[in-house]
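Asks:
Numbering (the numbering used here), first residue to last: 81 to 398.
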């Protein structure tokens, strides 16, 4: 019983630990090579399914009439632009290893708000509608920044506005719009199914834990196979930690003035790292993808601490 309670209290670290352990076992035990080759494409196919289900279940609890821009959205977006401008200014003056470090840092600030931010916000007792609205705004902010910033950093980067727009629009539609529309239909026209879905407590959160296990295994794989020194990888990981803490802290600081610190903290701190990794490999030095790869570990450790603090406060208030 204590084990079950521990897993419930620390779902995200347990998911990350399990993903890391499973990857290392299958990667370094020769007898499991066949099984690893079988499961690899299967897990890659399961990840978007899990993410779709996570958002569908989450949106079943959304009050769609309350989805509208609010003032903290503008301030969080402004500070996001400021972070990108600062890192861009530093990157343009560097080359070699320093440039790789700053490109990794840039990917941790330019990537849009993660779709899972709404799940964690709901777990923390924040406004699901406000976080979801900012997720849409953040994705369109990224589509404007990427075609401007990347050609300045990598002169050979072929980043057309329409190509970047189409890629992000596809993600927005498949990972946000479609599950939202489906949830709207279920909520307003399939009431019995809707009641059964919302009756399962924390369903979206545990589905997110399953997807996080897969993402963590993939992240560890990318780090293990990265063609770089241990010192460089450690420096990228440390920078990722610093910028992760800074973004969560600034987001919560902004949100404090609007009485929505949880929502603003998630909006600025929780990033769509899978998309950032794709951008890094497609347009920048592939080593820069280690930055968002490490960032996903840091942001979920912070999420776990916040959830633990929320649960502790709720217990003391009983």
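All residues carry an ideal CB built from backbone N, CA and C; glycine is no exception. None of these values were measured; they are calculated from a predicted model.
1. Taking the alpha-carbon of residue 327 as reference, which of 311, 224, 314, 341 has the nearest alpha-carbon?
2. Once DSSP output is grouped into helix, strand and coil, what is the label at residue 193?
3. Starting from residue 399, trace the alpha helix (DSSP H) in both directions and tell me its first and last residue.
4. Find the nearest neighbour of residue 219 within the set 255, 200, 203, 206, judged by alpha-carbon distance.
5. Output the distance between the C-alpha atoms of residue 329 and residue 345, rounded to the nearest integer angstrom.
6. With a CB to CB cut of under 6 Å and the five nearest residues on each side skipped, what residues in its chain are close to residue 260?
7. Going straight from the alpha carbon of residue 225 to that of residue 173, what length do you get?
8. Would you call the CB atoms of residue 203 and residue 385 closer than 8 Å?
9. Just the C-alpha distance for residue 378 and residue 242, rounded to the nearest angstrom, thanks.
10. In whole angstroms, give me the CA-to-CA distance for residue 268 and residue 148.
11. In three-state terms, what does DSSP make of residue 351?
12. Within 10 Å of its beta-carbon, does residue 250 have 16 or more other beta-carbons around it, so buried, or fewer, so exposed?
13. Inspect the beta-carbon positions of residue 382 and residue 299 and report whether they are closer than 8 Å.
14. Determine the direct distance from the alpha carbon of residue 368 to that of residue 271, and round the result to whole angstroms.
15. Residue 354: buried (16+ other C-beta within 10 angstroms of its C-beta) or exposed?
16. Considering only residues of the same chain and omitting the five flanking positions on each side of residue 282, which have a CB-CB separation below 8 Å?
17. Between the Cα of residue 134 and those of 351, 287, 366, spot the shortest distance and give me the residue it belongs to.
18. Which of the three DSSP states, helix, strand or coil, is assigned to residue 337?
Replies: Reading off the structure:
1. 341
2. strand
3. Coverage of the chain is limited to positions 81 through 398, which leaves residue 399 absent and any answer about it impossible.
4. 255
5. 7 Å
6. 139
7. 19 Å
8. no
9. 32 Å
10. 20 Å
11. strand
12. exposed
13. no
14. 47 Å
15. buried
16. 203
17. 287
18. coil
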